[in-house]
Ligand SMILES: Nc1ncnc2c1ncn2[C@@H]1O[C@H](COP(=O)(O)OP(=O)(O)O)[C@@H](O)[C@H]1O
Ligand SMILES: [Mg+2]
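Chains as they are written, first to last, in the numbering used here: chain A, 1 to 260; chain B, 261 to 564.
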């Protein structure tokens with residue numbers, strides 16, 4: 001288990017205040033106020049359908065793309081609303097990157113996958129692209145496995161490699177926050193362990209929020225854990241405390257496996 | 261039902277469906293054998309490269325091949341941008357449950373059901389009389405008809421309208437086949453919608469869009485009714501000099517040879533040979549198209 005965050009030591013990188021997200025008339029996230037401390041890992045846990053993915057997608061406005069969804073309340077990045085005029089969704093998503101549950105590399109080469117966000121941002125210098133891509137692939141612990149086959153299709157990689165490629169692709173644009181929605185749920189234990197090690201290394205530089213169904217995983221990788229239930233944030237606290245001495249009965253029932 | 265009668269019904273159905281399938285193959289075989297036997301021997305380099313002579317009882321069909329090719333090319337150039345852009349609007353930009361999109365879809369469906377002779381009349385009324393007439397009033401000396409008469413361009417545009425639904429439907433299908441996950445990945449990396457369209461969606465949809473182009477060409481090259489009033493000529497001693505000229509056409513030439521010849525016996529070998537060329541061209545076109553499609557598909561799958 002990792003160190004318990006010190007509230008005074010880490011500023012809020014992102015924060016929601018009384019966030020509510022609806023699909024049509026139905027609220028999927030209700031009154032959630034949660035802080036993501038700078039350069040720490042926050043695990044979001046809770047049973048299926050409790051709103052974890054919805055909450056995560058709201059943080060980089062990917063949820064706004066879903067027809068019929070609407071949000072109220074506040075979402076802050078570095079203390080400023082992500083809906084304020086200084087930031088549009090495109091700029092926000094470059095600062096708040098995302099890794100999806102199902103790995104989704106483009107049907108392009110490994111190189112072009114990682115280069116995608118950089119090219120979009122206007123970078124075309126081949127040498128600089130090469131350097132940034134190497135750095136991203138190293139950060140995603142994938143470089144040694146793919147350095148001789150960068151021109152090959154990403155579709156030829158294994159599932160675990162594809163997911164790390166997606167992480168590299170997200171890291172290449174140098175975001176400040178990384179949102180991960182069950183990034184290891186489709187992977188075998190070895191690939192999962194690699195992703196978890198990776199998260200440990202990444203939190204030195206990035207603020208991370210990770211949704212997971214796996215209690216051991218949440219306990220292994222996170223500093224802070226938030227338990228969601230039926231769209232509400234039931235309890236949030238240092239990971240150790242949530243797993244050993246939760247304050248709420250429902251949290252205890254969930255983390256001890258009484259329901260899920 | 262007893263075992264025996266169940267078996268009998270099963271065997272009967274197998275026989276019936278098999279016979280229907282065999283009938284289809286047999287019909288195609290009869291057509292092919294007849295056309296190849298009657299036409300293949302008469303096709304020569306000279307036949308392909310010379311003009312009809314002596315009241316169409318001798319000579320070749322080059323002007324008809326040329327006219328068909330140029331008309332189909334013009335049609336493709338006209339229909340592809342409009343069709344692809346319409347499909348992109350429908351699938352990528354129109355808001356869900358948009359009235360406008362629903363209207364366009366109804367229009368496309370109905371357009372696809374209009375008999376082709378009606379397109380001919382439409383081309384005559386809209387392109388030749390309305391558009392051509394307006395151009396003449398603006399540009400030609402009074403009393404002269406330069407644009408408001410049948411021409412290669414008007415025929416190609418008429419066929420473009422006819423084949424528009426094919427391109428729109430195929431393109432929309434191709435766009436629909438691009439996984440939502442790839443669009444999301446692009447947007448989450450900070451790409452705009454138009455960047456996502458240009459760099460992720462359209463490249464993946466390209467094989468499907470090419471399929472649409474092929475279907476449009478295959479349909480447009482063979483249609484005769486829409487060009488009857490809008491540009492095709494019975495016989496022309498010269499090739500069309502510009503898009504404002506009339507032209508000869510393989511399909512129409514078959515009709516002319518079959519019905520207008522002064523000497524049926526003398527024309528028959530020419531007729532067979534012309535049909536043979538028309539079929540060979542269509543098959544060749546399809547083969548080229550399939551080859552392009554397979555290659556793009558393979559490339560897309562390999563991800564280069
Ligand atoms: N695109 C959507 N449209 C409508 N309802 C949705 C959509 N996505 C999720 N929901 C609903 O919102 C609730 C929360 O879903 P989700 O955020 O996916 O939960 P989790 O990730 O915790 O499993 C569920 O009741 C789900 O049915
Ligand atoms: Mg989820």
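Quick reminder that beta carbons are idealized off the backbone N, C-alpha and C, glycines included. Please read all numbers here as calculations on a predicted model, not as lab measurements.
Residue i to residue j span [Cα, whole Å]
| i | j | result |
| --- | --- | --- |
| residue 378 of chain B | residue 109 of chain A | 49 Å |
| residue 531 of chain B | residue 514 of chain B | 6 Å |
| residue 27 of chain A | residue 67 of chain A | 14 Å |
| residue 316 of chain A | residue 53 of chain A | Missing from the structure shown is residue 316 of chain A; chain A here goes from 1 to 260 and no further. |
| residue 7 of chain A | residue 451 of chain B | Because the pLDDT of residue 7 of chain A is 48, which lies under 50, any placement of that residue in the model is unreliable, and the question is left without a value. |
| residue 320 of chain B | residue 558 of chain B | 40 Å |
| residue 510 of chain B | residue 426 of chain B | 22 Å |
| residue 540 of chain B | residue 547 of chain B | 10 Å |
| residue 268 of chain B | residue 286 of chain B | 26 Å |
| residue 397 of chain B | residue 493 of chain B | 25 Å |
| residue 192 of chain A | residue 254 of chain A | 22 Å |
| residue 2 of chain A | residue 212 of chain A | Bear in mind that a pLDDT of 49 at residue 2 of chain A, under 50, signals an unreliable position, so the number given afterwards is only what the model happens to contain. Cα to Cα, residue 2 of chain A sits roughly 17 Å from residue 212 of chain A. |
| residue 219 of chain A | residue 239 of chain A | 6 Å |
| residue 156 of chain A | residue 162 of chain A | 9 Å |
| residue 471 of chain B | residue 428 of chain B | 11 Å |
| residue 251 of chain A | residue 228 of chain A | 9 Å |
| residue 297 of chain B | residue 518 of chain B | 18 Å |
| residue 314 of chain B | residue 486 of chain B | 28 Å |
| residue 277 of chain B | residue 325 of chain B | 40 Å |
| residue 141 of chain A | residue 117 of chain A | 19 Å |
| residue 16 of chain A | residue 77 of chain A | 9 Å |
| residue 189 of chain A | residue 433 of chain B | 38 Å |
| residue 423 of chain B | residue 404 of chain B | 32 Å |
| residue 594 of chain B | residue 309 of chain B | Absent from the structure is residue 594 of chain B, since the part of chain B shown begins at 261 and ends at 564. |
| residue 100 of chain A | residue 205 of chain A | 20 Å |
| residue 218 of chain B | residue 104 of chain A | What is shown of chain B runs 261 to 564, which leaves residue 218 of chain B out entirely. |
| residue 199 of chain A | residue 72 of chain A | 31 Å |
Outcome for residue i when other beta-carbon atoms lying within 10 angstroms are tallied against a minimum of 16
| i | result |
| --- | --- |
| residue 178 of chain A | buried |
| residue 370 of chain B | exposed |
| residue 139 of chain A | buried |
| residue 316 of chain B | buried |
| residue 224 of chain A | buried |
| residue 269 of chain A | What is shown of chain A runs 1 to 260, which leaves residue 269 of chain A out entirely. |
| residue 181 of chain A | buried |
| residue 543 of chain B | exposed |
| residue 431 of chain B | buried |
| residue 305 of chain B | exposed |
| residue 244 of chain A | exposed |
| residue 351 of chain B | buried |
| residue 147 of chain A | exposed |
| residue 564 of chain B | Reliability fails at residue 564 of chain B, whose pLDDT of 44 lies under 50, so the model's placement of it is uncertain and no value is given. |
Span of the alpha helix (DSSP H), counted from its first residue to its last, around residue i
| i | result |
| --- | --- |
| residue 224 of chain A | It is not in any alpha helix (DSSP H) - residue 224 of chain A instead sits in the beta strand (DSSP E) that spans 224 to 229. |
| residue 515 of chain B | 510 to 520 |
| residue 215 of chain A | 215 to 221 |
| residue 294 of chain B | 263 to 299 |
| residue 335 of chain B | 322 to 348 |
| residue 388 of chain B | No alpha helix (DSSP H) holds residue 388 of chain B; DSSP gives it neither H nor E. |
| residue 261 of chain A | With chain A running from 1 to 260 in the structure shown, residue 261 of chain A is simply not present. |
| residue 184 of chain A | Where residue 184 of chain A is concerned, there is no enclosing alpha helix (DSSP H), given that its DSSP letter is neither H nor E. |
| residue 111 of chain A | 110 to 120 |
8 Å Cβ cut-off: residues of chain C touching residue i
| i | result |
| --- | --- |
| residue 448 of chain B | Reference to chain C is not applicable here, since the protein chains of this structure are A and B. |
Residue i: first and last residue of the uninterrupted beta strand (DSSP E) it sits in
| i | result |
| --- | --- |
| residue 181 of chain A | 177 to 181 |
| residue 33 of chain A | 26 to 37 |
| residue 43 of chain A | 41 to 45 |
| residue 237 of chain A | 232 to 238 |
| residue 210 of chain A | 207 to 211 |
| residue 17 of chain A | 12 to 23 |
| residue 503 of chain B | Residue 503 of chain B -> no beta strand (DSSP E), and no H or E assigned at all. |
| residue 98 of chain A | 96 to 99 |
beta-carbon residue i near ligand 4 non-hydrogen atom, thresh 7 Å
| i | result |
| --- | --- |
| residue 211 of chain A | Only ligand 1 and ligand 2 can be found as ligands here, which leaves ligand 4 out of the picture. |
Nearest-residue set for ligand 1, Cβ under 5 Å from any heavy atom: A:23, A:28, A:48, A:49, A:50, A:51, A:52, A:53, A:54, A:66
- request: Mind checking the region 175 to 191 of chain A against chain B and listing, in chain order, the residues whose C-beta falls within less than 8 Å of any C-beta there?
  value: none
message: Along the region 431 to 455 of chain B, where does the CB come closer than 8 Å to a CB of chain A? Name the residues.
response: 439, 441, 442, 444, 445, 446, 447, 448, 449, 450, 451, 452, 455
- request: Using a Cβ-Cβ cut-off of less than 9 Å, give me the residues of the region 354 to 365 of chain B that come near chain A, in sequence order.
  value: 355, 356, 357
- request: Check each residue of the region 458 to 471 of chain B: if its Cβ is closer than 8 Å to any Cβ of chain A, include it; give the result in chain order.
  value: 459, 460, 464
Near-chain B residues of the region 68 to 94 of chain A (beta-carbon distance less than 9 Å), N- to C-terminal order: 68, 89, 90, 91, 92, 93, 94
task: Give, in chain order, every residue of the region 103 to 118 of chain A whose Cβ lies closer than 7 Å to some Cβ of chain B.
output: 104, 106, 107, 108, 109, 116, 117
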